[in-house]
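Everything on this sheet refers to the single structure shown next.
Numbering (the numbering used here), first residue to last: 32 to 160.
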């Protein structure tokens, strides 16, 4: 068993697609119209046949309060592995990405948390040692 798809709940699929591709550097994989929404997935350029991230519309009534509570408490919705958190932090800040937590060492991991502009906090994580 392996993870094939995972989702992030977004308030605007077009805005999310731009952020996740233009800022974070993911590649578009699928963009299929489904009525008012679309089935949009992105993948890592390092693993184009790997796990797909679904940019899932957040229209369900339970999603708004859930996302707001996570952001209020500073809890990331998901985490992406990076080789160098400090380099990604610098690169993304230069592109205008807002961080709620700068690179912080926590035991054997360095994390930073960014705002994806679509209602989510996203953690970047680098394993060390």
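Where a beta carbon is used, it is the ideal one built from N, C-alpha and C, also for glycine. Keep in mind it's a predicted model, so treat the numbers as computed, not measured.
Check, Outcome
"Residue 146 - DSSP class collapsed to helix/strand/coil", "strand"
"Residue 172 versus residue 97: straight-line alpha-carbon distance, rounded", "Not covered by the structure: residue 172. The range shown for the chain is 32 to 160."
"Check: residue 56 C-beta below 7 Å from any heavy atom of the ligand FMN", "Ligands in the displayed structure: none, and consequently the ligand FMN is not present."
"Start-end ranges of the beta strand (DSSP E) lying completely within the segment 53-90, minimum 3 residues", "58-65, 68-74 and 83-88"
"Opposing strand residues paired with residue 36 [DSSP bridges]", "83"
"Alpha helix (DSSP H) segment containing residue 47, residue limits", "44-49"
"Simplified DSSP state of residue 97, which is helix, strand or coil", "helix"
"Contact check, residue 136 vs residue 144, beta carbons under 8 Å", "no"
"Residue 142 versus residue 92 - alpha carbon distance", "31 Å"
"Spatial distance of residue 39 from residue 94 (CA atoms)", "11 Å"
"Exposure of residue 139, with buried meaning 16 or more beta-carbon neighbours within 10 Å", "exposed"
"Local Cβ density within 10 Å of residue 103, reported as buried at 16 or more and exposed below that", "exposed"
"Rounded separation between residue 62 and residue 111 - CA only", "22 Å"
"Closest residue to residue 42 among 76, 146 and 53 (Cα-Cα distance)", "146"
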